[in-house]
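Some notes on the structure that comes next.
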Amino acid sequence: MPDLVRPETGPEANHDPTEQSILTRMARFRKNPFNFAHEISLFVRGVGWRSYNDILGQPVFYPGYTANIKSATMSSPLLRRKVVELTERRLKIEEQENYLDESSPTYLQEREKRRHEITSQLIDITSNMVDAMICKMESKPYIRGAFYMTTQLLTRAYSAIHVSEAEVKRLREIAAQAAKKNQSIIFLPRHTSHIDYVTLHLICYRLGLTLPVVVAGDNLNFPLVGNFLQSCGAMWIRRSFNDDQLYGTVVQAYIDTLMQKGYNLECFIEGTRSRTGKLLGPRFGILSFLLDSVLSGRTDDAYICPVSLQYDKVIEVDSYVNELLGKPKQKENLADFLSSSSVLSLNLGRVDCRFHEPWSLKQFIQEQKQRQDQPGYEDLSSSAADSNSRIRLLRTLGYKVLSDINSASVIMPTALVGTVLLTLRGRGVGKSELIRRVDWLCARTRANGGKVADFHGMPTSYVVERALEVLGPKLVGTIDGLAEETFYAVDRFQLSFYRNMTIHLFISESLIAASIYTKVKQGGGSANQRMKETELIDKVSFLSQLFRGEFIFPAGQGLRHNLEAAMQSLVRDDVLSISGNGERWIGLSDKERKQGRENFDFYCFLIWPFVDAAWLGAVSLLVLVPPVGSTITWIDMTQAQNTAQLAGRTLYHQGDLSYFEAINKEALKNAYSRFQEEGIILLSKSKDSKTSTMVRLAPEWLPERDAATGDLTASGRLWDFIESIALHRREGKNRRDGAAVSTRVLSLAATLNKQIFLEAESPSSDDMQTTSRGQKRRSRL
1 MPDLVRPETG PEANHDPTEQ SILTRMARFR KNPFNFAHEI SLFVRGVGWR SYNDILGQPV
61 FYPGYTANIK SATMSSPLLR RKVVELTERR LKIEEQENYL DESSPTYLQE REKRRHEITS
121 QLIDITSNMV DAMICKMESK PYIRGAFYMT TQLLTRAYSA IHVSEAEVKR LREIAAQAAK
181 KNQSIIFLPR HTSHIDYVTL HLICYRLGLT LPVVVAGDNL NFPLVGNFLQ SCGAMWIRRS
241 FNDDQLYGTV VQAYIDTLMQ KGYNLECFIE GTRSRTGKLL GPRFGILSFL LDSVLSGRTD
301 DAYICPVSLQ YDKVIEVDSY VNELLGKPKQ KENLADFLSS SSVLSLNLGR VDCRFHEPWS
361 LKQFIQEQKQ RQDQPGYEDL SSSAADSNSR IRLLRTLGYK VLSDINSASV IMPTALVGTV
421 LLTLRGRGVG KSELIRRVDW LCARTRANGG KVADFHGMPT SYVVERALEV LGPKLVGTID
481 GLAEETFYAV DRFQLSFYRN MTIHLFISES LIAASIYTKV KQGGGSANQR MKETELIDKV
541 SFLSQLFRGE FIFPAGQGLR HNLEAAMQSL VRDDVLSISG NGERWIGLSD KERKQGRENF
601 DFYCFLIWPF VDAAWLGAVS LLVLVPPVGS TITWIDMTQA QNTAQLAGRT LYHQGDLSYF
661 EAINKEALKN AYSRFQEEGI ILLSKSKDSK TSTMVRLAPE WLPERDAATG DLTASGRLWD
721 FIESIALHRR EGKNRRDGAA VSTRVLSLAA TLNKQIFLEA ESPSSDDMQT TSRGQKRRSR
781 L
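Take the sequence shown: its position 154, counted from the start at 1, is 154 in the UniProt record's numbering, and no numbers get skipped.
See the structure below:
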């Protein structure tokens, strides 16, 4: 086992106590100047594995690498055909605009000359695109120095990178097979931090694998840092192609070239870093290019390797909170990069990297063809590029990768402690109780097929102490002068980032618990707090649809299968009981009642913040109702969501919203996406990125108004939808009187409604031109 990583112990792997994490070793070098100098000497001379010579995979970091890849890309038949197509298209336009006179005796010569000029211009443009895009892995001394430098920096933040010994062995075997067949390994990691790029490259370097070419947004291509990353393996692509057909073809040709030559790739399937701690939905842009390369036959096959990267603490989490609360995202630059790097002097715990078993992309396509049994799959390589069959294939691929990432993930100690602290009633928790609940959560995690970060047999008390140390007093506080050391959540919003790392394991159980809660909160005896199975299925189905874009649900055999499996798990754990000979009734077990509902509450507490967020999103739609006599119907989407956040802050401080994290921007965006899919709201988008997306309520969802006063009433289709969500919300003393809540919510909605439409009717001078263009475009819809 190489000494780059510290292998896991326990049932998943065999631990060799002689192995050390590279980060731990580097930390020791700084304490011992002689060893420090000796290590530098080894890197400079390229001794042993440091030379990066005997690698598994295709050769990289040699003079001429970039020229070879560029030449192969420019020679791509796909790219050549696109240049010819665009040339002919331009010639036709010029003919129509009389730039070329067909009656001229020299017409054919002029046309041929013009074709040559256009082709030359397109080739120059293409060459510049390729130069700006492709990675430039030219020098082994350079990558050796980069490896050493980044390791030294990372050591200041994280104590170690841990992997599974069994997974590393399996990955090396696959890499050897791929190298023989000249095939690529496509690493598809979750994206939590900018450190993700560094972590995976460090591991591949130390394992002697060909470093993957990383698909990265050109927003990171800022001076100095951009050149450094491009020389280490980054390929830059635009965040938006804006229907630039040539650019899209250049990207496809470059990816084809890499896959045809068997070079490894790395792509973050979520498209951006997760600001919430849980997996985001898949982005299909680059995934579509990878799929098309194999689907078209231009590449024979490639291995897909989903990767989970987990951190005890994420460097950027402070900035994530600011963004989720509505602060605009700052454009990346060197000053901010160096500023954020100052946290590298902190102890942020360790990193765990897990590799799912790689699988053949070609075999996946063949299996999907057999399962779907639809003729459209036979011609996916050509005319069906935009067909429903290809789209379904792409979506299935994306969600399979995300499911594999979740199944490979490990739960870190900080996630365990954060989850427990946010799923207990009361202001705080004693240390003994915290340890007991962490033990329970570890057992439930394993029972649900999850993995817990291994600590080589250390007791839970040690793991909890370590997590509390990493989280620090800014997140978890203590109260002095008590009979027992007691902890409480200081920053619940930020702590929710770590809780969200566990929720995918318990999402089905949480939906069941929230559905049962609609009866439990009514009070009364056990007979009054149970529900028929058919009713439970209806409520879980409603929540599943509501959160379809929020969570990555377990891959398997659909909702009913997952529901039944989760139900049986809750029954086995004595959380729920099932009664009835004919129609089944589901309710809390007697044991769970005697224990004070602590396990049932755990599942409810996991899902309640998201229920609150969905409810807030639905309530904010009341603000979009045009006032009586208003000619404005469309509202700027960003303005609508900012107003929703303002409503959320107000409702939270007035006691009508239990969870401050419910106002986060990502949750509201997901809610609005679901409302659009359900036809509750209509969106008007433009291909022009400078024109804002606009939103309005669908006519059939417009709420009713009082005939005399014109005020919104607590009735109608939209209000019924809001109430359907509200049924699953956590009960609070301010919300026991539903009428009082209705009055306050409607009053706040009316106030914000006046403000937002007043602003829409009186746009600022800077927005006049954009608004005018948007209104003209919408009038044509």
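Heads up, the beta-carbon is just placed ideally off N, CA and C, and yes, glycines get one too.
For residue 262, count the other beta carbons within 10 Å of its own beta carbon; 16 or more makes it buried, fewer makes it exposed. Which is it?
Along the sequence shown, one-based indexing puts residue 262 at 262. Around the beta carbon of residue 262, a 10 Å sphere encloses 16 or more other beta carbons of the protein chains shown; the residue is thus reported as buried.
Three-state secondary structure (DSSP) of residue 77
The residue you call residue 77 lines up with position 77 of the sequence shown. Of the three classes helix, strand and coil, the one that applies to residue 77 here is helix, per DSSP.
According to DSSP, is residue 684 helix, strand or coil?
Stepping through the sequence shown from its first residue, residue 684 is reached at position 684. In the structure shown, the three-state DSSP call for residue 684 is strand.
If you measure between the beta carbons of residue 618 and residue 725, is that distance less than 8 Å?
Taking the first residue of the sequence shown as 1, we reach residue 618 at position 618. Taking the first residue of the sequence shown as 1, we reach residue 725 at position 725. A contact, by the Cβ cut-off of 8 Å.
Compute the Euclidean distance between the alpha carbons of residue 761 and residue 632, then round it to the nearest angstrom.
Taking the sequence shown and counting its residues from 1, one reaches residue 761 at position 761. Taking the sequence shown and counting its residues from 1, one reaches residue 632 at position 632. C-alpha separation (whole angstroms): 7 Å.
Residue 183 and residue 301 closer than 8 Å at C-beta
Indexing the sequence shown from 1 puts residue 183 at position 183. Indexing the sequence shown from 1 puts residue 301 at position 301. If you check the CB distance, residue 183 and residue 301 come in under 8 Å.
Less than 8 Å between the beta carbons of residue 289 and residue 255, yes or no?
Position 289 of the sequence shown holds residue 289. Position 255 of the sequence shown holds residue 255. Contact: yes.
Where does residue 486 fall in DSSP's three states?
Position 486 of the sequence shown, counting from 1, holds the residue named residue 486. Judged by DSSP in its simplified three-state form, residue 486 adopts strand.
Local conformation of residue 762 per DSSP, three classes:
Numbered from its first residue, the sequence shown carries residue 762 at position 762. Three-state DSSP puts residue 762 in coil, outside helix and strand.
Determine the contact status of residue 643 and residue 748, defining contact as a CB-CB distance below 8 Å.
For the purposes of this step, residue 643 is identified with residue 643 of the sequence shown, where counting begins at 1. For the purposes of this step, residue 748 is identified with residue 748 of the sequence shown, where counting begins at 1. No. Outside cutoff.
Given a threshold of 16 other Cβ atoms within 10 Å of its Cβ, counted over all protein chains shown, does residue 416 qualify as buried or as exposed?
Counting from one through the sequence shown, the residue named residue 416 turns up at place 416. That one is buried.
Just mark residue 167 as buried or exposed, buried being the case when its beta carbon has 16 or more other beta carbons within 10 Å.
For the purposes of this step, residue 167 is taken as residue 167 along the sequence shown, with counting starting at 1. By the 16-neighbour rule on beta-carbons within 10 angstroms, residue 167 is buried.
Selection from 60, 94, 81, 118 that minimises the alpha carbon distance to residue 138:
Counting from 1 along the sequence shown, the entry for residue 138 is found at position 138. Closest by alpha carbon: 60.
So for residue 504, helix, strand or coil by DSSP?
As a first step, residue 504 must be located in the sequence shown, where it is residue number 504. The answer is helix: DSSP assigns residue 504 an H, G or I state.
Tell me the DSSP secondary structure of residue 660 in three-state form.
Along the sequence shown, one-based indexing puts residue 660 at 660. Residue state, collapsed to three classes: helix.
Look at residue 746 and residue 714 and say whether their C-beta atoms are less than 8 Å apart.
The residue you call residue 746 lines up with position 746 of the sequence shown. The residue you call residue 714 lines up with position 714 of the sequence shown. Yes. Within cutoff.
Using 8 Å as the cut-off, can you tell me whether the segment 441-452 makes contact with the segment 403-415, which would need three or more C-beta pairs spanning the two stretches below that distance?
Cβ pair count under 8 Å is three or more, so yes.
Verify whether the separation of the beta carbon atoms of residue 253 and residue 234 is less than 8 Å.
Within the sequence shown, numbered from 1, the residue matching residue 253 stands at position 253. Within the sequence shown, numbered from 1, the residue matching residue 234 stands at position 234. The answer is no: Cβ separation not under 8 Å.
Taking the C-alpha atoms as reference points, what is the distance between residue 90 and residue 195?
Counted from its first residue, the sequence shown places residue 90 at position 90. Counted from its first residue, the sequence shown places residue 195 at position 195. Each residue's Cα considered, the two are about 45 Å apart.
Could you tell me the alpha carbon to alpha carbon distance between residue 160 and residue 351, rounded to whole angstroms?
The count along the sequence shown starts at 1 and reaches residue 160 at position 160. The count along the sequence shown starts at 1 and reaches residue 351 at position 351. Straight-line Cα distance between these residues: approximately 6 Å.
Output the boundary residues of the alpha helix (DSSP H) element that contains residue 253.
Translated into the one-based positions of the sequence shown, residue 253 becomes position 253. Unbroken alpha helix (DSSP H) run through residue 253: 245-260.
Measuring CB to CB, does residue 504 end up less than 8 Å from residue 406?
Taking the first residue of the sequence shown as 1, we reach residue 504 at position 504. Taking the first residue of the sequence shown as 1, we reach residue 406 at position 406. When the beta-carbon positions are compared, residue 504 and residue 406 come within less than 8 Å of each other.
Tell me the rounded alpha-carbon separation between residue 368 and residue 151.
The count along the sequence shown starts at 1 and reaches residue 368 at position 368. The count along the sequence shown starts at 1 and reaches residue 151 at position 151. Looking at the two C-alpha atoms, the distance is approximately 42 Å.
Which partner residues of residue 56 appear in the DSSP bridge assignment?
To locate residue 56, count along the sequence shown from 1; it is residue 56. DSSP output for residue 56 lists 209 as bridge partner(s).
Whole-number beta carbon distance between residue 193 and residue 792, since they are thought to touch under 8 Å:
The question about residue 792 has no answer here: the residues shown for the chain are numbered 1 through 781.
Would you decide whether residue 579 is buried or exposed? Buried here means 16 or more other CB atoms lie within 10 Å of its CB.
Position 579 of the sequence shown, counted from the start, is the residue given in the question as residue 579. It is exposed - the Cβ of residue 579 has fewer than 16 other Cβ atoms within 10 Å.
Count the other CB atoms within 10 Å of the CB of residue 272; is the residue buried (16 or more) or exposed (fewer)?
Counting from one through the sequence shown, the residue named residue 272 turns up at place 272. By the beta-carbon neighbour count (other beta carbons within 10 angstroms, threshold 16), residue 272 is exposed.
Thinking C-beta only, is residue 645 closer than 8 Å to residue 744?
Sequence index remark: in the sequence shown, residue 744 carries index 744 (1-based). Sequence index remark: in the sequence shown, residue 645 carries index 645 (1-based). Contact flag unset, no.
Under the three-state DSSP convention, the category residue 785 falls into
With the chain covering only 1 through 781, there is no way to say anything about residue 785.
Any chance you could list the beta strand (DSSP E) runs of at least 3 consecutive residues sitting entirely within the segment 120-205, in chain order?
Correct list: 161-163, 184-189.
Residue 530 and residue 587 - do their beta-carbons sit closer together than 8 Å?
Within the sequence shown, the letter at position 587 stands for residue 587. Within the sequence shown, the letter at position 530 stands for residue 530. In this structure, residue 530 lies closer than 8 Å to residue 587 by Cβ.
Provide the residue span of the beta strand (DSSP E) that contains residue 480, from first to last.
Here residue 480 refers to the residue found at position 480 when the sequence shown is read from its first residue. Element bounds for residue 480: n/a, residue is neither H nor E.
Specify, as a first and last residue, the run of the alpha helix (DSSP H) that residue 319 falls within.
Locating residue 319 in the sequence shown gives position 319, where the first residue counts as 1. Element bounds for residue 319: 317-324.
Can you list, in chain order, the residues of its chain whose CB lies under 6 Å from that of residue 84, leaving out five sequence neighbours each side?
Here residue 84 refers to the residue found at position 84 when the sequence shown is read from its first residue. Nothing listed; no residue qualifies.
Do residue 605 and residue 667 have their C-beta atoms closer together than 8 Å?
For the purposes of this step, residue 605 is taken as residue 605 along the sequence shown, with counting starting at 1. For the purposes of this step, residue 667 is taken as residue 667 along the sequence shown, with counting starting at 1. No. Outside cutoff.
Cβ of residue 553 within 8 Å of Cβ of residue 507?
To locate residue 553, count along the sequence shown from 1; it is residue 553. To locate residue 507, count along the sequence shown from 1; it is residue 507. Going by C-beta atoms, residue 553 is nearer than 8 Å to residue 507.
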